[in-house]
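J.: According to the working numbering, the sequence shown is numbered sequentially starting from 5.
Ideal Cβ placement from N, Cα and C applies to all residues, glycine included.
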Amino acid sequence: MKNIAIIGSGSWGAALGIYLANNGHKVKMWSFDEDEKNLINNKRKCVFLPKARIPDGVICSSSFEEVLEEADIILHVTPSKFVRSTIKKYKGFVKPNQIVLMCSKGFEAETEYTLDQVMEEELPGIKTGILSGPSHAEEVSIGVPTLLVVASKHEDVREMVSEEFKSNTLRLYTSEDVKGVELGGALKNIIAFCAGIAVGLNLGDNTFAALATRGLVEIDRLGTAMGGQSKTFYGLTGLGDLIVTCGSVHSRNRKAGELIGRGYTIEETRKQVGMTIESVDNIDVAYKLAKKYNIEMPIVEKVYEVLYKGLSPKDAVNILMTREQKSE
């Protein structure tokens with residue numbers, strides 16, 4: 005049994021808390037929201053996971069010190085735009101023998117950093133890693149069989165987490181390719197958003213499949229340019245996560261894209277989805293990174309123009325379809 009601290013009480017943080025508590029670990033969660041904290045402690049519920057019940061042993065607190073004091077492993081599960089600011093608030097309570105795993109997916113917009121870079125800057129001397137893979141919170145919270153990857157440059161972190169977290173409903177693989185695992189999780193959200201636009205435009209299965217496939221090519225191009233290994237993008241944290249995020253009704257990124265395809269504004273889309281939409285928050289970063297590394301990413305370029313330049317989704321499709329013919 006390990007003492008697990010979870011920073012963030014949203015759907016994924018709550019799902020991890022439910023799973024790990026049911027797997028025999030002692031779990032404490034941190035929440036900035038008093039209503040969410042009280043719902044977890046008093047009703048054993050998460051508003052985003054209506055089918056799941058939070059085990060009685062899980063404690064939710066608004067005190068970083070209380071949550072982190074006895075933790076062996078700290079899981080960071082906040083929206084990407086709040087990662088650095090949240091770490092700054094709790095890093096004074098992190099001890100040298102504790103492990104911090106980033107479970108969020110995305111970029112830091114201001115610096116164009118991946119989240120592992122943010123951890124390295126804010127938590128020097130602390131062993132860190134990434135937990136990622138095709139894993140909707142709604143399914144993990146009710147015990148649907150799921151496969152994840154723990155990536156870290158520290159072998160002991162990889163082996164310990166994979167051993168402690170495993171069960172008959174969760175299988176873990178290990179990876180040394182922290183950058184590839186991180187980028188696969190961040191970039192697939194953007195392609196899933198584009199897949200949602202295709203759904204919103206009623207373009208059919210052919211378009212959907214083509215978009216996901218060519219989107220994976222773009223992920224691989226930028227990901228390898230930034231230091232990831234190509235094979236990682238065709239594994240669980242690349243192709244696997246892309247499939248589940250593009251194709252599932254649980255995907256808020258796909259849902260957001262579908263609303264844009266149907267003519268909703270970004271403001272209306274955010275209101276309808278009701279949770280953080282990582283793809284929308286990170287499309288601008290991916291576009292800038294493609295320019296920085298001189299990588300051709302036509303899908304990312306056009307969705308950027310849809311969101312920020314007034315290009316209509318239908319015109320974006322037409323431009324992509326009439327590009328110069330090329331070999332695959």
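Where does Leu105 sit, in a helix, a strand or coil, going by DSSP?
T.: strand
J.: When DSSP builds the beta bridges, which residues end up paired with Ile63?
T.: Lys32
J.: By Cβ distance, which residues of its chain are closer than 7 Å to Thr241, with the 5 residues on each side in sequence left out?
T.: Ser136, Gly137, Val153, Val185, Gly188 and Gly189
J.: Taking the runs of the beta strand (DSSP E) that are 3 residues or longer, which of them lie wholly in the stretch 107 to 178?
T.: 131 to 136 and 150 to 155
J.: In the DSSP output, what is Leu79 paired with across the bridge?
T.: Ile10 and Leu105
J.: What does the alpha-carbon distance come out to for the pair Ile145 and Lys41?
T.: Strictly speaking, residue 145 in this sequence is Ser, with Ile absent from that position. Approximately 18 Å between the Cα atoms of the pair.
J.: Looking at the secondary structure, which residues open and close the alpha helix (DSSP H) in which Glu222 lies?
T.: Asp209 to Ala229
J.: Starting from Pro100 and walking both ways along the alpha helix (DSSP H), at which residues does that stretch end?
T.: That residue, Pro100, is in no alpha helix (DSSP H); it is neither H nor E in DSSP.
J.: What would DSSP say about Cys50, mapped onto helix, strand or coil?
T.: Coil at Cys50, not helix or strand.
J.: Once the 5 residues before and after Ala19 are set aside, which same chain residues still bring their CB inside 6 Å of it?
T.: Ala141, Val144 and Ser145
J.: Have a look at Ala214 and Gly261 and give me their C-alpha separation to the nearest angstrom.
T.: The straight-line gap from Cα to Cα measures roughly 16 Å.
J.: In angstroms with no decimal places, state the Cα-to-Cα distance between Leu220 and Val304.
T.: About 11 Å.
J.: Considering Gly251, what are the terminal residues of the alpha helix (DSSP H) in which it resides?
T.: Asp245 to Gly251
J.: In whole angstroms, what is the alpha-carbon distance linking Trp16 and Gly265?
T.: Answer to the nearest angstrom: the Cα atoms are 26 Å apart.
J.: For a test of the three-state rule: what should DSSP assign to Arg266, helix, strand or coil?
T.: Looking at Arg266 - three-state DSSP - the assignment turns out to be coil, as it is neither helix nor strand.
J.: Is it buried or exposed for Tyr312, if we count other Cβ within 10 angstroms and need 16 for buried?
T.: exposed
J.: With DSSP collapsed to three states, give me the class of Glu180.
T.: Glu180 falls in the coil class under three-state DSSP.
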